[in-house]
Structure formats: structure tokens, C-alpha cells
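Participant: Residue numbers (the working numbering), protein chains in the order written: chain Y, 1 to 409; chain H, 410 to 818.
Beta carbons: idealized from backbone N, C-alpha and C, even for Gly.
Source: prediction; values computed, not measured.
My questions all concern the structure below.
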């Protein structure tokens, strides 16, 4: 008799963005004339840059000719892209990676979800709180998260990131086998300094902890002192896997390309204490369950590293960061406590006294016709906050801010 | 302490295609002048058809404009493609699918590898033998395959498909929780009749067995009586998940798009005997660990269903099937026993008396400079066979056959 994986049944039925959509729809039914502006969803809005568009046209043309056609690519990705990553994303910051430490994927969501396959089912995990739901849910599905008791999972250690600790997570007071870190952070938009990140690397080396480091938003870092990669910290090659994405860097949310770094120095233990290298294990995982991402998407990603591509991508990021700056200035001017938004496309705002996340969300929707994301949807420590994203157009963002201004007065 | 998933360590180190490449390279070193023709690898060679190329250019252009840009698509795929599948691949054969039973993916390899996440880790599995390695390896990685004893996995039931049983697998003599079937078959190129497939559906319904049905090669079926989909059999909606791919249908091995059908009638049991629907579980899996395949690839797939697309795709399949016919005729003319090749792009050839798979492979390589795939690489029952693929160009295929002809005389 085929038995179901019952761990799936432990997952809560509510989806944050589905709940938001439901509430927005209810509002629309009663207010059919209202023109709603969403600053809620973490998706980009600006078109792909010309260098990327040209590269994709070229790749499509190749695929339509006998000489240029490419069938299966390497599961690890094409060397032309891996070399561009090596030379542009890491070498300039003093990080030397081998080509075969770089695995091209179809976006960071797949790999942050799949990476837990490499570790034993009963390893304990730690997450910063609030957190990107994929980290926890992918562990729930395999039974690693344990059971849910009062909103928290029994085998998950939550590391609160709140205004009171300046959004800097404290090292856990108990040993944790695997830690998920995401910087610049989704949802809080905050960053981590080299000194703080060094504490985590040292903790990991001391406790034989594995760090899964999500750097999907690294392109938004403006401050040259803030690390773009965990491998800027000595010793990280021995304890960390890092995830990158072109989704936010270059508007690739619909194009699907990113990459994962699994250093060759990285090991985990067997029950007998033998050290096993994770690089060949991930290679085996990808070779068995993945067939590479689209050739056209890989050529698109390569184009980001050309001089024109770099300049065009920087322009779009600058465009979004202008939104972030306007939002920060306006919201703070109105007396709201805001975080993030300086090295990330997210602004994390404390809700005013007397409002929880959902109450503020609904008030803003009905009062200003603006949609934000209730912070509690990202975890218990997100209660009392909402997230605004800088991914809108300038016009829509300005209009939203105007409305918030008149509504809040 | 981070502990490794030790199931990965049970995987054998040898990779079939890596072993082939090694032997071919050794030959090249000693025969630098030789012009080797590969009829070994299951990858297409003909360019994408014009309808697909045009659709991709249009999609790329859209993505470069403010109005046409698309960010995250639905994890389940765009409705335009799901509707095209529903109307073209199923309705004409009397199969009624709901849109949300169709999940677009980045190719059948991902989903045939990931689907086992839905079932309990200790379910037993059955595979036809020889077999596509992903079915077994993905189960090894989670511990479900058990341990390897003399080339076979302890928790896997092997169903031999050999000349003696006309490549029709027998129903297992013990209860098996999950069965993988692939028709037209990779590697044997054989097909299954409706009557034979009905036996499997009835077995599954009686034993509460789940069938994972891989139909990646369905477009090569010429005989109208051979089922293209397991859902042509009454009752299959209650026991089967089906995998499709555009890789072989339309040369999408580098484009990455396919789809999986999870019917709403399909359930598996909890330990308490409760029936759980698998459609929402797969939806949850995909929403958590996948972010949809490239918009451009989905538009490419949609173009296959236009009148021009259909005609062009059929032309390419006809081109490959001409190779298959020529190969069958020549090899049989030389006295070789051949199977498949009539409704599939693969020819499965018995090696002559006294040659095992690898011996024949080496003899063919050194004698005719032609590469085939040793059958034993697909499982114990593949010993004594080799696989030829029809995916070459006409010229290369003719040349290879000429060489085999003079070599074998």
C-alpha cells in the first residue's frame, strides 16, 4: 500500500501571500473603484536590460540553426557562465573559487529548498526570525523540523531579529547543526557587518555547524564595508554553502537563473566521525535530479557581466534604491520607525502602538489603498512589523507615499 | 555537529556515460585521426523548429519592455501552456484533465527525481529492468532503496524486460508500493499495448500501488493503437502520476520544459488508513521548492501546439524515425537481433554470442569507430544488449551504418 509522506500534513494550510490576496480581493469587491497600489510582493517590475535581451536573442537564433544548436548542457551549468561568476562576483573581493565549486541553477528557491537533502534527517536547524518560509518548510517536508507547538517547530531554533537587538541575531545558546542566514535580509532589509558575520563563522567552525548563506540580495549593498559573500570571512570555506540569484540582481524572476557555491573544503561527518566532502555530494544530487537551466537563461546571465550589462543592471538597482530612499524619508518623516532600505530593497516598519501586523495591513489597505506585507507572516518575531518593497515604479511609489501621508495625518 | 545524509554514500561511483567517455577518450589518444560517430547518447541534434524560435524571440522582446515584462510566474506554470496541453495532448484521446492537474516543470528529470518526496521513506519500489537510473538513484538518496547487494537494491523489486518475455514486464509476485513504468521505453525502445497497460492499472488499483508513468517519448509512437498516456486506461486517474517532456518531442533538452500530471482522484494512505489527495501535496511541494520554469521556455512550448508548430515538430520526429528505420533494416540485415525503433527513437540490440555489453561496445568502437551504449549500464537485465539512438543526422547515421556493415562482415 502506497503510504503518504505524512510530514507534508504538518504544514500549516495558510499561505501568507494567499491570505493577502484574499483580503485584497474582499476589499475590491466592496470598493470596485479603488485603485490599489501594491508595495507588498517581492517581485521586480522593470524590464530586462538591453544587454540581456540581445544576448537572449542571439542564443535563440543559435538554437534555431544546425551549427548553433545545443542540447543537454552540463548539469552544473556552462563554463562560460561559471567563469564569469568566478571572475566578476568573487575575484574582485579576494575570493578564489574553483570553477567546479560553482553550480548554476534555475533560481535560489530551488537550491535553498533542496540543499537540506545533503544532511541527515535528524540534524537540528536554526533560523533567524522573521525568515523566508522556504528554509523551514523544506525541512518540515522531510520531518527534520519536528512538530509544531504554538507556532514554533520543535527541532528549529529561532534567533529573533527585532528592533531591541538592532536586528542582529544572537549566537544560539544551544548547539545547532545547521544555520540559515540571509543577508541582506529578507524580510527586514537589514545587513550584517564583517565583524558580526565573523562571529557566525567562528561559531560554526567551533561547533561543526553548517551555514546555509543566502546572498540573493547582495547586489543591493551600497556600503563597501558590508560583505557581499560569506567567503570574505576567513574559514567560511570550511563551514558555509552560499546561494545567489539573478532574480533581484537583474530582474530574472521570470528568466530563472542563479547559482550555488559548495566549496571543496566543506565537509560534514558520518555517525562514525568520518569527514565527507559535500561538493561531490551536491554534484551527484544535481546530476541525478536536475538537468541544468535553460541555455538561453545562462547566456542571459552571462550578459550581466559585460561592461554594458554591468552598467545597465546597476542603473535598474539604482532606480529601485531611489524608491527605497524616498520611502524611508517619507515614512520616517511621518514618525514611523523604519529599518533596512539602505543596502536592500526592503523596508521593515514597526507598526504604530496598538496595531499588530494584520491590523496595520488592513488599515493601510482601507485607508490608503496601499498593500504591504504583514511581518508576522515571516515568523513570530515579525509580529508588530510590516514589509514594504522598493520594486515598484517611481510613479506608483510616489503616489503610494502621498496616500500614506494624507491617510496618516 | 552537522551530519551528512549517509544514503548518498551508498551510490555507486561509476556513471555510465562518464565510463563511456573515458573509454572513448582512451581510444582517441591512441587513434588521433579516427572520426568517431556517436549513436550512444540520448540527446537530440536537430535545431529548434521555426515556430518555437519565433515564439521565443517574441517572449524575449516582451521581457525587454515595461508593458510586456513578466516577473515570477505561477509555480504551476502559466495557464496558456496548461490549456494548450489539456486541449492538444489529452482531449483528442478522450482524456479530460483539469487545468490544475497539470504542473509545468523544467523537464521530466527533475520531477521523476522529486516525485518520491510525496511518499513515505520506507515504501517499497518496483522498476522495470533495464531502467532510467534516476528512478532508482533518487530513491537511494532518501534511503528508500535499502542497501546494495550484488548489483541490486534490497528494497527494490526488479521486473526484467528481456527478449525471452518480449520486453513485457511481469506483474510482481510480491506487493510493491510504488512502480515506475516508462513507455515508450528508455532504453529498450519497446512499447506497451493497452491490454498490457490495463493489467498494471488493475494491479495498482487492487494492491493500492502508485504508478509513476514516464511518457517522455510518447511523441515517437506511430501505431495509433499504442497508448500515449496511461490515462487512456480506465481507473488510471486513481493510481497514476504521469511525466511528460518536450526534450525529445521538440528538441528542448537545452530549453528545459515539460509537465507532470497529478490527478485529483489520486490518493495515498496515512498509517491510520486515512486517504490523502496527492494533487495538493505536489502543489505544495512545487510552491515551496520550485519557482516555475522560464517564461520564454513556456512560450516556446506553447508554440509546439500551433498548426505550424505541430507540423514542424512532426517533421523532426519523422526525420529521426527515418534513422531508426534505416538502422533497424541494416542491423537486422546483418543478422543482429533488434528491438524497439518502431515507436521510439531507441534500438535495443542483442550482442552477438560471446560478447557482453562492454565487449561489444569496445569492439564496435575500435572496429567501426562507432559509439553505442552498453545495456548493462541500465541494470542487470541490460547485460548482453546495447542501445543505439536515432538522434543523429541522416549523414552520420548512414556513415555509421556503412562502417558497421563493413566491420561486421
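Just curious, the beta strand (DSSP E) that residue 214(Y) is in, first and last residue?
Facilitator: Position 214 of the first chain, counted from the first residue, corresponds to residue 214(Y). Where residue 214(Y) is concerned, the enclosing beta strand (DSSP E) stretches over 210-214.
Participant: Exposed or buried, residue 416(H), counting other C-beta atoms within 10 Å across all chains shown (16 or more means buried)?
Facilitator: Looking up residue 416(H) in the second chain gives position 7. Under this definition residue 416(H) is a buried residue.
Participant: Kindly indicate if chain Y contains any beta-carbon less than 8 Å away from that of residue 677(H).
Facilitator: In the second chain, counting from the first residue as 1, residue 677(H) sits at position 268. Output row for residue 677(H): interface = yes.
Participant: Does the stretch 246-254 of chain Y touch the stretch 277-291 of chain Y, meaning 3 or more C-beta pairs lie closer than 8 Å?
Facilitator: No: fewer than three Cβ pairs fall under 8 Å.
Participant: Just grab the DSSP bridge partners of residue 775(H) for me.
Facilitator: If you number the second chain from 1, residue 775(H) lands on position 366. The partner list for residue 775(H) (beta bridge, DSSP) is empty, contrary to what the question assumes.
Participant: In this structure, how does DSSP classify residue 126(Y) when only helix, strand and coil are distinguished?
Facilitator: Here residue 126(Y) corresponds to residue number 126 of the first chain, with the count starting at 1. It is a strand residue.
Participant: Any beta-carbon of chain Y closer than 8 Å to the one on residue 448(H)?
Facilitator: In the second chain, the residue the question calls residue 448(H) occupies position 39. Closer than 8 Å: no.
Participant: Can you give me the Cβ contacts of residue 365(H) inside the same chain, cut-off strictly under 8 Å, excluding the 5 residues immediately before and after it?
Facilitator: One cannot answer for residue 365(H) here, as it falls past the ends of chain H, which runs 410 to 818.
Participant: According to the neighbour-count rule (16 or more other Cβ atoms, all chains shown, within 10 Å of its Cβ), is residue 698(H) buried or exposed?
Facilitator: The residue labelled residue 698(H) in the question sits at position 289 within the second chain. Per the 10 Å Cβ criterion, buried.
Participant: By the three-class DSSP mapping on this structure, what secondary structure does residue 410(H) have?
Facilitator: Locating residue 410(H) in the second chain gives position 1, where the first residue counts as 1. In the structure shown, residue 410(H) sits in coil (DSSP, three-state: anything other than H, G, I, E or B).
Participant: So if DSSP puts residue 562(H) in a beta bridge, which residue, or which two residues, is it bridged to?
Facilitator: Locating residue 562(H) in the second chain gives position 153, where the first residue counts as 1. 557(H).
Participant: Within the continuous alpha helix (DSSP H) that includes residue 284(Y), where are the two ends?
Facilitator: To locate residue 284(Y), count along the first chain from 1; it is residue 284. Its alpha helix (DSSP H) spans residues 278-289.
Participant: Between 167(Y), 50(Y), 122(Y), 302(Y), which has its C-alpha nearest residue 145(Y)'s C-alpha?
Facilitator: Within the first chain, numbered from 1, the residue matching residue 145(Y) stands at position 145. Of the candidates 167(Y), 50(Y), 122(Y), 302(Y), the one whose C-alpha sits nearest the C-alpha of residue 145(Y) is 122(Y).
Participant: Residues of the stretch 62-83 of chain Y with a CB closer than 8 Å to any CB of chain H: list them in chain order, please.
Facilitator: Against chain H - using a Cβ distance shorter than 8 Å - the residues of the stretch 62-83 of chain Y are 63, 64, 65, 66, 68, 69, 70, 71, 72, 73.
Participant: Ordered along the chain, which non-local residues of its own chain (more than five positions away) have a Cβ less than 6 Å from that of residue 642(H)?
Facilitator: Counting from 1 along the second chain, the entry for residue 642(H) is found at position 233. Result list for residue 642(H): 606, 607, 610, in chain order.
Participant: Checking the sheet assignment: what are the DSSP bridge partners for residue 568(H)?
Facilitator: Here residue 568(H) refers to the residue found at position 159 when the second chain is read from its first residue. Answer is 537(H).
Participant: Within 8 Å of any Cβ in chain Y, is that where the Cβ of residue 699(H) sits?
Facilitator: Position 290 of the second chain, counted from the start, is the residue given in the question as residue 699(H). Yes, its Cβ sits closer than 8 Å to a Cβ of chain Y.
Participant: Residue 507(H) to residue 485(H), Cα distance in whole Å?
Facilitator: In the second chain, the residue the question calls residue 507(H) occupies position 98. In the second chain, the residue the question calls residue 485(H) occupies position 76. Their backbone Cα atoms lie some 13 Å apart in a straight line.
Participant: Helix, strand or coil: how does DSSP classify residue 7(Y) here?
Facilitator: As a first step, residue 7(Y) must be located in the first chain, where it is residue number 7. If DSSP states are grouped into helix, strand and coil, residue 7(Y) belongs with the helices.
Participant: Could you work out which residues of chain Y lie near residue 452(H), taking near to mean beta carbons separated by less than 8 Å?
Facilitator: For this step, residue 452(H) is matched to residue 43 along the second chain. What residue 452(H) touches in chain Y: 71, 72.
Participant: Report yes if the C-beta distance between residue 469(H) and residue 63(Y) is below 8 Å; otherwise report no.
Facilitator: Indexing the second chain from 1 puts residue 469(H) at position 60. Indexing the first chain from 1 puts residue 63(Y) at position 63. No; because the gap between Cβ atoms is not below 8 Å, this pair is not in contact.
Participant: Using a Cβ cut-off of 9 Å, pull out every chain H residue sitting near residue 295(Y), in sequence order please.
Facilitator: One-based indexing of the first chain puts residue 295(Y) at position 295. In chain order: 663, 664, 665.
Participant: Bridge partners for residue 178(Y) per DSSP, in chain order?
Facilitator: Here residue 178(Y) is taken as the residue at index 178 of the first chain, counted from 1. Looking at the DSSP assignment, residue 178(Y) forms a beta bridge with 125(Y), 210(Y).
Participant: With a floor of 4 residues, list each alpha helix (DSSP H) that falls wholly inside the stretch 621-674 of chain H, ordered by position along the chain.
Facilitator: The stretch 621-674 of chain H contains these whole alpha helix (DSSP H) runs: 656-659.
Participant: In angstroms with no decimal places, state the Cα-to-Cα distance between residue 746(H) and residue 571(H).
Facilitator: Translated into the one-based positions of the second chain, residue 746(H) becomes position 337. Translated into the one-based positions of the second chain, residue 571(H) becomes position 162. Between residue 746(H) and residue 571(H), the C-alpha separation is close to 12 Å.
Participant: Kindly indicate which residue of 375(Y), 31(Y), 360(Y) has the alpha-carbon position closest to the one of residue 187(Y).
Facilitator: Looking up residue 187(Y) in the first chain gives position 187. Taking only the C-alpha atoms, the option nearest residue 187(Y) is 375(Y).
Participant: Using DSSP's beta-bridge definition, name the partner residues of residue 783(H).
Facilitator: Residue mapping note: residue 783(H) aligns to position 374 of the second chain, counting from 1. For residue 783(H), which the question treats as bridged, DSSP gives the partners 795(H).
Participant: Per DSSP, residue 512(H) is paired with what?
Facilitator: Counting from 1 along the second chain, the entry for residue 512(H) is found at position 103. 669(H), per the DSSP bridge assignment.
Participant: Going along chain H in order, which residues have a C-beta closer than 9 Å to the C-beta of residue 101(Y)?
Facilitator: Within the first chain, the letter at position 101 stands for residue 101(Y). What residue 101(Y) touches in chain H: nothing, since even the nearest Cβ is about 18 Å away.
Participant: Can you tell which of 755(H), 790(H), 812(H), 757(H) has the C-alpha that lies nearest to the C-alpha of residue 775(H)?
Facilitator: In the second chain, counting from the first residue as 1, residue 775(H) sits at position 366. The option with the nearest alpha carbon to residue 775(H) is 812(H).
Participant: Count the other CB atoms within 10 Å of the CB of residue 462(H); is the residue buried (16 or more) or exposed (fewer)?
Facilitator: Here residue 462(H) corresponds to residue number 53 of the second chain, with the count starting at 1. It counts as buried.
Participant: One question on the structure: do residue 37(Y) and residue 399(Y) come within less than 8 Å of each other, judged by their Cβ atoms?
Facilitator: Within the first chain, residue 37(Y) is the residue found at index 37, counting from 1. Within the first chain, residue 399(Y) is the residue found at index 399, counting from 1. Against a cut-off of 8 Å, the Cβ pair of residue 399(Y) and residue 37(Y) comes out as a contact.
Participant: Take residue 80(Y) and list the residues in its own chain whose beta-carbon comes closer than 6 Å to its own, dropping the five residues that flank it on each side.
Facilitator: Within the first chain, residue 80(Y) is the residue found at index 80, counting from 1. So the qualifying residues of the chain are 302.
Participant: Could you tell me which chain Y residues have their CB closer than 7 Å to the CB of residue 469(H), listed as they occur along the chain?
Facilitator: As a working note, residue 469(H) is residue 60 in the second chain. Ordered by position in chain Y, the residues that pass the 7 Å Cβ test against residue 469(H) are 53, 56, 57, 60.
Participant: Please name the residues in the stretch 582-593 of chain H whose beta-carbon is closer than 9 Å to at least one beta-carbon of chain Y, in chain order.
Facilitator: Those residues of the stretch 582-593 of chain H that come within reach of chain Y (Cβ to Cβ, closer than 9 Å) are 584, 586, 587.
Participant: What did DSSP end up calling residue 676(H) once you bin it into helix, strand or coil?
Facilitator: The sequence position of residue 676(H) within the second chain is 267, counting from 1. Residue state, collapsed to three classes: strand.
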